[in-house]
Structures are given as C-alpha cells and as structure tokens.
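Protein chains in written order, with our numbering: chain X, 1 to 105; chain P, 106 to 251.
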Amino acid sequence: MKIYSAENNGALRLSFVGELDHHGAKGAMKTIENLIDENLPRACIIDLSELNFMDSSGIAVILRVNKRMNDIGGKAWVENPNGQPLRVLDASGIDRVIRVFERTR
Amino acid sequence: MENFDYIKLEFPSRSVNESFARATVGAFAARLDPTLEELADIRTAVSEAVTNCIVHAYPGAIGSIRLRARIMNGNTLEISIRDDGIGIPDVNKAREPMFTTGGEDRSGMGFTIMESFMDKVKVRSTQGKGTTVVMSRRIIRRTSGL
C-alpha cells in the first residue's frame, strides 16, 4: 500500500492507495506515526477513496491512528471508503469508535 | 462424485503470501461466476484465516500453511486453511469479537469478519499439533446468456 500525505492548516490528510493487509500494516503504522509526530496535526483524515482492499489489519491501523491522535489532543476520521474496504468497515462496527464519512465531507 | 474440483496450495507462513493466497482463491472461485461482492467477501475471509496462521501458529519461526479450496454441490466454495503450529488453547475465546493474543497491532476482528463474510466457519485446534479453519460460502447461481 502507498500512503500519500498532505498537510493543510493543521489537518493531515492521508490517502491510502492499493491494499492494506497484515503484510503492509506495520510499515504503514510506522510511516503514519512519523507523519503525525512531524506535523502534530489537530486532525488526521484517513482517505480511503483509492484503497481497494482492506482486512482486519487495516481496522487495527485505523484504530491506532485514532488513538495516537486522541493522545495528542486531536481528532481522526475516515473518508470515502468504497467497495470491499467499506464492507469490512461495516462488519467491524468501527463507527462506534471513529467517524466514517462515505462521501467527501 | 461431488468433490472433483479442487486446488491445494502449500506455502510458508510469511506475510508476503497473504495477497498471493487471496489472489489464488479468487482465481479459483471465478469459475462459479461470483459477483464482485461475493468475490471480495471470500478473498477477505481467506486473508483473515491466512493472517491468523502467519501471526500466531509458529511463534519465532516459519512453518507451513496448507490451503485447500474445493467446489461442493456445484455451487458451494469450501476453503480449508491448516497449520501444524501451536494451536489455540480456547477456541471459543479466540472467536470472541475483539479478543486477541497478538498485542496492539491486532484488532481481534479476524474471526468476526470470517463469520460475517462466509456462510459457515468451523475451527478445530489441538495444542501443540495445529489448527484447521474450514469455511464455506454458497455462490448464488446467475443465468448468463453466454
């Protein structure tokens, strides 16, 4: 999976591109932790528009990003999940922990 | 004979094989003409089961994972994923949503997702001997003009 990031006015947008499984999750988490530490954003937006596969390892990544942002007094949310990743998000009930917006906010 | 369509795959418990296992089962399932959603669900369940073996079965080592997929009754895909690893001490506990022995990297949602996306999931495990997960999904038959 590739992660493209853009920081704008305290909001860090992370675009996940490709597939997010256990194999990619560790590297992804490290990259994201570095980006959060460098930018200390008030909000982290996880944009899934170009993610075409995710399993429960991706759920774990999203939950850890949310926790990290909460730890620094910020927020995180998910935008634009579609296809298979959306099915996994729905099955996981993750929207009880983090907001998920199915169309761009 | 009902059970003539099958594949068997064996590979080491390296995480790089997760996407390969998904792709292989997806390619085999294609002959049932599944919808994109059915295919996505099956690939996800395979990913979860294979990942469980890779994460848990052989701590500190690499072992073998055996995957078999077969078509039953002309429309049901049955997938079995087996390891000869340490086994699961309490299968019922392992299947509880959000239970994990894998630390903060894991969500504990693997079995929940398998159960959501497949019709049936059976888990057999013996400590010190290994674990087998068997899951099945009936593919809805559609009529194509071609």
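All C-beta atoms in this analysis are idealised placements derived from N, C-alpha and C, irrespective of residue type, glycine included. A quick note: this is a predicted structure, and the numbers were derived from the prediction, not measured.
Within chain P, the residues that Ala60 of chain X reaches when beta carbons sit closer than 7 Å: Asp210, Arg211 and Ser212
Endpoints, beta strand (DSSP E) assigned at Lys113 of chain P: Asp110 to Pro117
Residues, ordered as in the chain, of the segment 119-130 of chain P that lie near chain X by beta-carbon distance below 9 Å: Arg119, Ser120, Val121, Asn122, Glu123, Ser124 and Arg127
At least 3 beta-carbon pairs within less than 8 Å: the segment 118-125 of chain P vs the segment 209-228 of chain P: No, because fewer than three Cβ pairs between the segment 118-125 of chain P and the segment 209-228 of chain P fall closer than 8 Å, the two stretches do not touch.
Beta-carbon gap between Val88 of chain X and Thr149 of chain P smaller than 8 Å: yes
Close beta carbons around Phe53 of chain X, own chain, < 6 Å, minus the five adjacent residues each side: Glu19 and Gln84
8 Å Cβ cutoff, Glu33 of chain X in contact with chain P: no
Counted within 10 angstroms of its Cβ, other Cβ atoms place Gly73 of chain X as buried (16 or more) or exposed: exposed
Which listed residue (X:Asn8, X:Leu12, X:His22 and X:Met69) has its alpha carbon closest to that of Met1 of chain X: X:His22
Buried or exposed by the 16-neighbour rule on C-beta atoms within 10 Å, applied to Met203 of chain P: exposed
Arg242 of chain P at chain X interface by Cβ criterion, 8 Å: no
Residue(s) in a DSSP beta bridge with Arg242 of chain P: P:Leu182
Endpoints, beta strand (DSSP E) assigned at Asp47 of chain X: Ala43 to Asp47
Whether Val17 of chain X touches Glu50 of chain X by CB criterion (8 Å): yes
The beta strand (DSSP E) enclosing Gly18 of chain X, as first and last residue numbers: Ala11 to Leu20
Those residues which DSSP pairs with Gly235 of chain P across a bridge: P:Thr231
CB contact flag (Val155 of chain P, Ile186 of chain P, <8 Å): Taking 8 Å as the Cβ cut-off, Val155 of chain P and Ile186 of chain P qualify as a contacting pair.
First through last residue of the beta strand (DSSP E) which encompasses Asn8 of chain X: Start and end: Lys2 to Asn8.
Test item: CB-CB of Asp47 of chain X and Leu14 of chain X under 8 Å: Yes.
Same chain, Cβ closer than 6 Å to Pro81 of chain X, neighbours up to 5 away in sequence not counted: Leu48 and Leu89
Simplified DSSP assignment, three categories, for Asn80 of chain X: coil
Start and end residues, alpha helix (DSSP H) containing Arg148 of chain P: Under the DSSP assignment, Arg148 of chain P falls in the alpha helix (DSSP H) whose first and last residues are Leu141 to Asn157.
Residue from P:Gln232, P:Pro117 and P:Glu209 with nearest C-alpha to Ser128 of chain X: Here chain X covers residues 1 to 105 and nothing more, so residue 128 of chain X does not appear.
Endpoints, the alpha helix (DSSP H) within which Ala60 of chain X is located: Ser56 to Asp71
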